[in-house]
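K.L.:
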Amino acid sequence: MGRESPLGTSPKVAGSATPLAAVAQAFEELAGLLEAGSGDLRLAPFSDACSLVSILFDSLGLAFKFAEIEYVAKVNDLIEASKTCDTLNKIIDQDLENDTVRKQGSHSRNLRRVRLGLDLIKTLFEQFPLSGGCSLKEAASNAYGQVCAPFHTWAIRKAVGAGMYALPTREQLIVRLNETG
Numbered sequence: 001m002g003r004e005s006p007l008g009t010s011p012k013v014a015g016s017a018t019p020l021a022a023v024a025q026a027f028e029e030l031a032g033l034l035e036a037g038s039g040d041l042r043l044a045p046f047s048d049a050c051s052l053v054s055i056l057f058d059s060l061g062l063a064f065k066f067a068e069i070e071y072v073a074k075v076n077d078l079i080e081a082s083k084t085c086d087t088l089n090k091i092i093d094q095d096l097e098n099d100t101v102r103k104q105g106s107h108s109r110n111l112r113r114v115r116l117g118l119d120l121i122k123t124l125f126e127q128f129p130l131s132g133g134c135s136l137k138e139a140a141s142n143a144y145g146q147v148c149a150p151f152h153t154w155a156i157r158k159a160v161g162a163g164m165y166a167l168p169t170r171e172q173l174i175v176r177l178n179e180t181g
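Everything in the sequence shown is counted per full-length UniProt numbering, starting at 1 for the first residue and increasing by one.
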C-alpha cells in the first residue's frame, strides 16, 4: 500500500493499493453521493477526499513543496469548517452573509484555493499518463500555466518555472506513487 496522507484517509479508501487508486476511489464515491443526493455536496467527505490529493503533491518533490504546504493548510481549514458547516454551499452562504468571501483565510477563499490545487493535479495527470507521453516537467509546466499562473505575479511564475527542474523523473514518480506493479 502507498503512503498515507498526512491528513488521514477515509476508511473506505484506506485499503486502496496505490495513492492514485485511493484518490480516484474517493472522488468516485463523491460523484456517487452527488448523483444520489440533493446536489449539495457535504463538506466532510469532500475534505476527506481532498486530503488524499496531498500525497500527489508530495510525490512531485521539492518543486511542489510550497503548493503542497498551501494546499494542506487550506484542506485543514475545510476539515475544521466541516465541524460547523455541513455542506459546501453553507460555507459559501456564510461567507457571503458575513461579506468575507474575498477575505484572506475565509472558508470560501480556501475552498477556491483547494479547487485550484485539484485542477492543477488533474490537469498535470491528464497530460502526463504514467504509460508514456510528455515529460513530467512539460506536463507540470503546462498544467501550472493553465491553472495557476493567471493568478500569480511574474516573480512567482519565474520561481515556479525554475522549480520545474527539480521535478522527479517519470520513473521516480512511478515508484513514489507505488504504480510499479
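Even glycine gets a Cβ: it sits at the ideal position worked out from N, Cα and C. Small disclaimer: the values here were computed from a predicted structure and weren't measured.
1. Can you check the UniProt domain "Glycolipid transfer protein" (42-178) for any alpha helix (DSSP H) of at least 4 residues that lies completely inside it and give the ranges in chain order?
2. Is the segment 74-83 in contact with the segment 33-51, if contact means three or more CB pairs nearer than 8 Å?
3. Quick check on DSSP: helix, strand or coil for residue 32?
4. What does the Cβ neighbour count give for residue 169, buried or exposed, with the cut at 16 atoms within 10 Å?
5. Take the Cβ of residue 74 as the centre, count every other Cβ of all protein chains shown within 10 Å, and call the residue buried at 16 or more, exposed below.
6. Taking 6 Å as the limit between beta carbons, can you name the residues of its chain near residue 119, skipping five residues before and five after?
7. Determine the DSSP secondary structure at residue 17, reduced to helix, strand or coil.
8. Would the segment 15-29 and the segment 91-103 be scored as touching if the rule is three or more Cβ pairs under 8 Å?
9. Note down the Cα distance separating residue 63 from residue 41, rounded to an integer number of angstroms.
10. Express the C-alpha separation of residue 44 and residue 167 in angstroms, rounding to a whole number.
11. Are the C-beta atoms of residue 105 and some chain B residue less than 9 Å apart?
12. Which residue's Cα is closest to the Cα of residue 162: 123, 140 and 134?
13. Determine the closest residue to residue 56 out of 136, 154, 39 and 20, with distance taken between C-alpha atoms.
14. With burial defined as no fewer than 16 other Cβ atoms inside 10 Å of the residue's Cβ, what is the status of residue 165: buried or exposed?
15. Taking the C-alpha atoms as reference points, what is the distance between residue 104 and residue 70?
16. Please classify residue 39 as buried or exposed, where buried requires at least 16 other C-beta atoms within 10 Å of its C-beta.
P.N.:
Taking the structure as given:
1. Every alpha helix (DSSP H) stretch that sits fully inside the UniProt domain "Glycolipid transfer protein" (42-178) and reaches 4 residues is listed by chain position as 43-59, 65-81, 88-97, 107-127, 136-147, 154-163 and 170-176.
2. yes
3. In the sequence shown, counting from the first residue as 1, residue 32 sits at position 32. Correct three-state label for residue 32: helix.
4. As a position in the sequence shown, residue 169 is number 169, starting the count at 1. Classification for residue 169: exposed.
5. Within the sequence shown, the letter at position 74 stands for residue 74. Buried is the call here.
6. As a first step, residue 119 must be located in the sequence shown, where it is residue number 119. These residues qualify, in order along the chain: 147.
7. Start at 1 with the first residue of the sequence shown, and residue 17 comes out as number 17. Coil at residue 17, not helix or strand.
8. no
9. Start at 1 with the first residue of the sequence shown, and residue 63 comes out as number 63. Start at 1 with the first residue of the sequence shown, and residue 41 comes out as number 41. When the Cα atoms are used, residue 63 and residue 41 turn out to be separated by approximately 32 Å.
10. Position 167 of the sequence shown, counting from 1, holds the residue named residue 167. Position 44 of the sequence shown, counting from 1, holds the residue named residue 44. For residue 167 and residue 44, the distance between alpha carbons rounds to 32 Å.
11. The displayed structure is made up of one protein chain only, and chain B is not part of it.
12. What you label residue 162 is simply residue 162 of the sequence shown in a count that begins at 1. Checking every option, the nearest Cα to that of residue 162 belongs to 140.
13. If you number the sequence shown from 1, residue 56 lands on position 56. Ranking the options by Cα distance to residue 56, first place goes to 20.
14. For the purposes of this step, residue 165 is taken as residue 165 along the sequence shown, with counting starting at 1. Exposed, because fewer than 16 other Cβ atoms sit within 10 Å of the Cβ of residue 165.
15. Position 104 of the sequence shown, counted from the start, is the residue given in the question as residue 104. Position 70 of the sequence shown, counted from the start, is the residue given in the question as residue 70. If you take the alpha carbons of residue 104 and residue 70, they lie about 13 Å apart.
16. To locate residue 39, count along the sequence shown from 1; it is residue 39. Classification for residue 39: exposed.
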